[in-house]
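Residue numbers (the numbering used here): 4 to 105.
Notes follow the structure.
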């Protein structure tokens, strides 16, 4: 499995140029945008776990902001100095979403 930063970069390279119609396309049980927002929330929750604080909901902004939200949550998670297990879980989630969107 690639490292967390590589996984995030690969996902961002896949989605950063998407337009509204690509974000709104179906994926799984919702849209691609919903799938990525769920990932953003998962990364925020893992960051909260690493910092031993309660989770908070990530605001659902416009689809076009999702790559920025993903980058911020990924950077915040790394800054929280997560355990190897937690980082492995985060990497697996990023890879799962990237594969589903490819």
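Even for Gly, the Cβ is constructed at its ideal location relative to N, Cα and C.
| Asked | Found |
| --- | --- |
| Minimum C-alpha distance to residue 85 - residue among 30, 24, 56 | 56 |
| Where residue 60 falls: helix, strand or coil (DSSP) | coil |
| Cα-Cα separation, residue 71 to residue 46 | 13 Å |
| Residue 29, DSSP secondary structure in three states | strand |
| For residue 51 and residue 95, the rounded distance between their alpha carbons | 18 Å |
| Beta-carbon proximity check, residue 10 vs residue 101, cutoff 8 Å | yes |
| Identity of the residues DSSP links to residue 34 by a beta bridge | 29 |
| Exposed unless 16 or more other CB atoms sit within 10 angstroms - verdict on residue 99 | exposed |
| For residue 88, the three-state DSSP class (helix, strand or coil) | helix |
| Residue from 49, 32, 54, 65 whose Cα sits closest to the Cα of residue 92 | 49 |
| C-beta contact flag for residue 69 and residue 14 at 8 Å | no |
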